[in-house]
Amino acid sequence: MGQYLIDNNAISGFLAETLSANGMAVMSEAIDQTPIISVITEIEALSWVHDDKGKEQIIKSFVNDSIVISLTPEIVACCVRIRRNRKMKTPDAIIAATALVHNLTLITNDSGFDKVAGLKYLNPYLI
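Here the sequence shown is numbered in the working numbering, starting from 818 and rising by one per residue.
This is the structure:
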């Protein structure tokens, strides 16, 4: 199995157990390898849970256990290329660029990533 960059919606689906059985298995394996997330995913994940202290602690633990990839000049340059070629929001382009630069398969439920040349991704809801 390769290495994965995990998007926020995949984390959410995994924790809520709303993924398919295969999706749960892939996420479990990706997490067991040490989760890898973008700094954008870190921001998104820590932002959406604030009224449930139990869930907040689970998310904080997940982020703390993850390898968080920060922005680098290479990721910025790749993001710029993506945005020049595709209509994509900057956070999504940063996530795609992070996966491309680090040769990771992106696990996401977001549409639009299929249009990014060279990006390997899978949707945990559809496997």
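Even for Gly, the Cβ is constructed at its ideal location relative to N, Cα and C.
Every value quoted in this text rests on a predicted model; they were computed, and no experiment measured them.
Task: Per-residue burial, GLU859 [other beta carbons within 10 Å of its own, 16 or more giving buried] - done: Result: buried.
Open item on the list: Rounding to the nearest angstrom, what Cα-Cα distance links LYS904 and ILE892 in this structure?
Closed with: Cα to Cα, the separation comes out at about 17 Å.
Open item on the list: Suppose only complete runs of 3+ residues qualify. What are the beta strand (DSSP E) ranges in the segment 866-918, listed by chain order?
Closed with: As far as the segment 866-918 is concerned, its whole beta strand (DSSP E) runs of at least 3 residues are 884-886.
Open item on the list: Beta-carbon within less than 7 Å of ALA914's beta-carbon, same chain only, minus the 5 sequence neighbours each way: which residues are those?
Closed with: If we look at ALA914 and ignore the five residues flanking it on each side, its Cβ neighbours are ILE892, CYS895, CYS896 and ILE899.
Task: Nearest-angstrom Cα separation, counted from TYR938 out to VAL856 - done: If I take the Cα positions, the gap works out to 18 Å.
- [ ] Pick out whichever of VAL933, TRP865 and PRO941 has its Cα sitting closest to the Cα of ASN902.
- [x] The shortest C-alpha separation from ASN902 is found at VAL933.
Task: Residue-level contact to chain C via CB, LEU917, 8 Å cutoff - done: Judged by its chain identifiers, the structure shown contains no chain C, having just a single protein chain.
Task: Cutoff 7 Å; reference GLU861; Cβ partners in own chain excluding five residues on either side - done: Within the same chain, GLU861 has close Cβ partners ASN825.
Task: ALA838, buried or exposed, once every other Cβ within 10 Å from all chains shown has been counted against 16 - done: ALA838 is exposed by the Cβ-count criterion.
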